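From first to last, the protein sequence lines stand for chains A and B. Take 226 as the starting number for the first sequence in the working numbering and just add one per residue. Take 8 as the starting number for the second sequence in the working numbering and just add one per residue.
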Amino acid sequence: GAGVSQSPSNKVTEKGKDVELRCDPISGHTALYWYRQRLGQGLEFLIYFQGNSAPDKSGLPSDRFSAERTGESVSTLTIQRTQQEDSAVYLCASSSGRGSTLHFGNGTRLTVT
Amino acid sequence: DQQVKQNSPSLSVQEGRISILNCDYTNSMFDYFLWYKKYPAEGPTFLISISSIKDKNEDGRFTVFLNKSAKHLSLHIVPSQPGDSAVYFCAADRGADGLTFGKGTHLIIQP
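This is the structure we're talking about:
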């Protein structure tokens with residue numbers, strides 16, 4: 226597709242369960258970012274992938290959060306043992322490199338009950 | 008500690024008038040600033056940016072002003088149109104990691 230695609234668009238899960246969120250970046254974009262937006266808050270940086278370099282995981286809030294990216298394509302964000310405070314919209318963005326415009330997907334709205 | 012602050016959660020402006028959205032930052036290492044616009048249930052979309060070597064950048068109805076000494080930037084929209092109603096995020100980049108975003112300002116354009 227022409228834009229960043231995220232799935233699912235909505236996810237409701239029970240506290241303690243694991244969830245996996247998927248992001249398909251724009252083809253050819255080497256940089257991929259995950260952000261989350263909790264209610265009433267700004268966009269919080271989680272993790273950044275650039276090409277084959279080691280990812281910048283400095284924004285991950287706890288060791289329950291992990292992310293992978295296969296080459297310069299799909300990325301998955303995994304949250305283990307979800308907690309209610311994990312409820313947020315998780316946004317993925319890609320760009321053609323550092324300093325280039327970020328193109329965001331529509332996000333995955335995660336609700337932990 | 009919020010490094011990028013948008014102190015107005017919402018702003019209401021009459022159609023045709025000027026909308027001014029403000030943003031303050033604390034980290035002097037930021038060297039590139041951007042504004043993103045977000046409609047409900049959609050991801051943010053890039054609107055306009057400015058490098059720290061400039062104090063103004065204009066694109067059609069949108070102008071961004073940067074005051075480095077005050078660590079302040081603003082987005083001016085003139086004239087404001089109904090389709091401008093959205094949440095506007097200010098973001099800053101220091102080249103080290105992902106963009107740092109403010110909490111956003113909800114702009115409402117009234118007819």
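The C-beta atom is built at its ideal place from N, Cα and C for all residues, glycine as well. None of these values were measured; they are calculated from a predicted model.
Quick test of your reading: residue 96 of chain B and residue 105 of chain B, contact by CB under 8 Å. State the CB separation rounded to the nearest angstrom. Contact between residue 96 of chain B and residue 105 of chain B does not hold, since their C-beta atoms are separated by about 13 Å, which reaches or exceeds 8 Å.
For residue 273 of chain A, does the count of other Cβ atoms within 10 angstroms reach 16, so buried, or fall short, so exposed? Buried, since its Cβ has 16 or more Cβ neighbours within 10 Å.
Determine the direct distance from the alpha carbon of residue 57 of chain B to that of residue 107 of chain B, and round the result to whole angstroms. If you take the alpha carbons of residue 107 of chain B and residue 57 of chain B, they lie about 15 Å apart.
For residue 100 of chain B, count neighbouring Cβ atoms within 10 angstroms of its own Cβ and tell me buried if that reaches 16, exposed if not. Within a 10 Å sphere around the beta-carbon of residue 100 of chain B sit 16 or more other beta-carbons, which makes this residue buried.
Would you check if the distance between the CB atom of residue 81 of chain B and the CB atom of residue 30 of chain B is smaller than 9 Å? Against a cut-off of 9 Å, the Cβ pair of residue 30 of chain B and residue 81 of chain B comes out as a contact.
For the beta strand (DSSP E) that residue 277 of chain A lies in, which residues bound it at each end? Note, residue 277 of chain A: premise wrong, no beta strand (DSSP E); not H, not E.
Residue environment, residue 304 of chain A, which counts as buried when at least 16 other CB atoms sit within 10 Å: Here residue 304 of chain A is buried. Its C-beta has 16 or more other C-beta atoms within 10 Å.
Given this structure, state the Cα-to-Cα distance separating residue 53 of chain B from residue 334 of chain A, to the nearest angstrom. Between residue 53 of chain B and residue 334 of chain A, the C-alpha separation is close to 21 Å.
If we count the other Cβ atoms within 10 Å of its Cβ and call it buried at 16 or more, is residue 315 of chain A buried or exposed? Its Cβ being crowded by 16 or more others within 10 Å, residue 315 of chain A is buried.
Span of the beta strand (DSSP E), counted from its first residue to its last, around residue 74 of chain B: Annotation for residue 74 of chain B: the continuous beta strand (DSSP E) segment containing it runs 69-74.
Spatial neighbours of residue 289 of chain A within its chain, please: C-beta separation below 7 Å, excluding the five flanking residues on both sides. Here the set comprises 304, 305 and 306.
For the candidate residues B/72, B/86 and B/94, whose alpha-carbon lies nearest to that of residue 118 of chain B? The shortest Cα separation from residue 118 of chain B among B/72, B/86 and B/94 belongs to B/86.
Could you check if residue 44 of chain B is buried or exposed, using at least 16 other CB atoms within 10 Å of its CB as the buried criterion? Of the residues assessed, residue 44 of chain B falls on the buried side of the cut-off, its CB having 16 or more other CB atoms within 10 angstroms.
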